[in-house]
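First residue of the sequence shown: 12, per our numbering; consecutive thereafter.
Where is the CB? At the ideal position from N, CA and C, for every residue including glycine.
Quick caveat: nothing in here was measured; it's all calculated off a predicted structure.
The structure under discussion appears below in the form of structure tokens.
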Amino acid sequence: MRTTRALFFVLLALCGPAVAQQAGDDSLKIYISADMEGVAGVVTDQQLGPDGFEYQRFREFMTGEVNAAIDAAREAGATEILVSDSHGNGQNLLIDKLGEDITVVRSWPRPLAMMDGIDETFDAAMFIGYHASTDNTRGVRAHTMSSANVTGLRINGTAMSEGSLNAAIAGHFGVPVILISGDDVAVAETQVIVGDIEGAVVKYARSFHSARTLTPAAAREVIYERALAALRRLDDFKPYVLTPPLEVDLSLKNYRPVELLAYLPNVERVNSHTLRYVAGDMPGVSHFLSVALDYRVDLKP
Numbered sequence: 012m013r014t015t016r017a018l019f020f021v022l023l024a025l026c027g028p029a030v031a032q033q034a035g036d037d038s039l040k041i042y043i044s045a046d047m048e049g050v051a052g053v054v055t056d057q058q059l060g061p062d063g064f065e066y067q068r069f070r071e072f073m074t075g076e077v078n079a080a081i082d083a084a085r086e087a088g089a090t091e092i093l094v095s096d097s098h099g100n101g102q103n104l105l106i107d108k109l110g111e112d113i114t115v116v117r118s119w120p121r122p123l124a125m126m127d128g129i130d131e132t133f134d135a136a137m138f139i140g141y142h143a144s145t146d147n148t149r150g151v152r153a154h155t156m157s158s159a160n161v162t163g164l165r166i167n168g169t170a171m172s173e174g175s176l177n178a179a180i181a182g183h184f185g186v187p188v189i190l191i192s193g194d195d196v197a198v199a200e201t202q203v204i205v206g207d208i209e210g211a212v213v214k215y216a217r218s219f220h221s222a223r224t225l226t227p228a229a230a231r232e233v234i235y236e237r238a239l240a241a242l243r244r245l246d247d248f249k250p251y252v253l254t255p256p257l258e259v260d261l262s263l264k265n266y267r268p269v270e271l272l273a274y275l276p277n278v279e280r281v282n283s284h285t286l287r288y289v290a291g292d293m294p295g296v297s298h299f300l301s302v303a304l305d306y307r308v309d310l311k312p
């Protein structure tokens, strides 16, 4: 495997275009947003939270997949890498297993949610461990933002996954998404909406709670190679930009939060389970979704 990596990087150096260097600037800033449902081997909640019997091991596997993307970014010349821990409680990555040059966004709330910390200075974004949307009938652990509460999310009529939603946040800042890893369904779904980004398929969906999966070591190798392939053709990628006004339709499983949120003057109740909010930009979309899905009056401190 290491030989394969070495040969791949030689090809990158010999025939690839300049990687992420802008005119007169040799810096390369990479943003990595990491989820967990799309990590190799993940199939149920037993891998996804502190109460699961496999969670501690899968924190290691998640960290390993992120490190594979980091390794590729470093070999391509990255001078700054920011990682967003974007699953569950936002405290999953084993940060002592990341390099001293890496900075990490952890826990919640944060204004840009899974994309917090991104801005116009980044050259590219990568999504690791992502999953399919709540509208999808095939992906492993398919959901959008909340498997417990959300049954649909559309922006200007387009059904959104977390991948496409977060790509649009990156696009607001002019940053292209160049890679997504996860199961085959999540990768294909994001490519249809966002465009021809590189996909690192680490498992193949059999059902909501079943997959044919690569081993962690094989998954890391796939992510590393696809990330290098993406960085090799960085100039081919364009930001995924949604044109305002942004009409957000959010459908929830329960009546009560829909009824209460519709009391707000800028929120419309479209039907018994769906809210509509019109935002001026993607940060505004993120702020609305964070409040709609996370606010409780008994929050402490």
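{"Item": "Can you give the Cα-Cα distance for aspartate 309 and aspartate 246, rounded to whole angstroms?", "Value": "48 Å"}
{"Item": "Can you round the beta-carbon distance between threonine 224 and alanine 79 to whole angstroms, since I take them to be within the 8 Å contact cut?", "Value": "The pair is not a contact, with the Cβ atoms about 16 Å apart (cut-off 8 Å)."}
{"Item": "Going by C-alpha distance, which of Asp62, Arg85, Glu173 and Asp194 is nearest alanine 204?", "Value": "It should be pointed out that residue 204 corresponds to isoleucine in this sequence rather than to alanine. Taking only the C-alpha atoms, the option nearest isoleucine 204 is Glu173."}
{"Item": "Using the DSSP secondary-structure output, state which residues sit across from glutamate 224 in a beta bridge.", "Value": "As written in the sequence, residue 224 is threonine, which differs from the glutamate given in the question. Answer is Lys214."}
{"Item": "Taking buried to mean at least 16 other C-beta atoms within 10 Å of its own C-beta, is arginine 152 buried or exposed?", "Value": "buried"}
{"Item": "Excluding the 5 residues preceding and the 5 following tyrosine 288 in the sequence, name in chain order all residues of the same chain whose CB lies nearer than 6 Å to its CB.", "Value": "Val259, Val278 and Phe299"}
{"Item": "Just to confirm before moving on: does the CB-CB distance between valine 53 and methionine 47 stay below 9 Å?", "Value": "yes"}
{"Item": "Determine the direct distance from the alpha carbon of isoleucine 129 to that of lysine 40, and round the result to whole angstroms.", "Value": "10 Å"}
{"Item": "Would you mind reading off the limits of the beta strand (DSSP E) that contains leucine 257?", "Value": "257-263"}
{"Item": "Can you name, in chain order, every residue of its own chain whose Cβ lies under 6 Å from the Cβ of asparagine 160, other than the five neighbours on each side?", "Value": "Leu263 and Lys264"}
{"Item": "Let me check understanding here. Comparing Cα to Cα, which of Met293, Val281 and Pro227 lies closest to proline 256?", "Value": "Met293"}
{"Item": "Can you say whether glutamine 33 is buried or exposed, counting buried as having 16 or more other CB atoms within 10 angstroms of its CB?", "Value": "Note that glutamine 33 scores 41 on pLDDT, short of 50, meaning its location in the model is unreliable; the coordinates nonetheless yield the value given after this. Counting Cβ neighbours within 10 Å, glutamine 33 comes out exposed, since fewer than 16 surround it."}
{"Item": "What is the C-beta distance between alanine 45 and glycine 140, in whole angstroms, given that I count them as a contact (C-beta under 8 Å)?", "Value": "6 Å"}
{"Item": "Indicate whether proline 268 and alanine 303 have their beta-carbon atoms separated by less than 9 Å.", "Value": "yes"}
{"Item": "Can you grab the Cα-Cα spacing for the pair valine 116 / methionine 125, in whole Å?", "Value": "9 Å"}
{"Item": "Specify, as a first and last residue, the run of the alpha helix (DSSP H) that serine 118 falls within.", "Value": "Unbroken run through serine 118: none, as it is neither H nor E."}
{"Item": "Which residues bound the beta strand (DSSP E) around aspartate 194?", "Value": "188-194"}
{"Item": "When the Cα atoms are used, what is the spatial distance from histidine 220 to arginine 244?", "Value": "35 Å"}
{"Item": "Run through DSSP, which three-state label would methionine 137 get?", "Value": "strand"}
{"Item": "Does asparagine 100 come out as helix, strand or coil in the three-state DSSP assignment?", "Value": "coil"}
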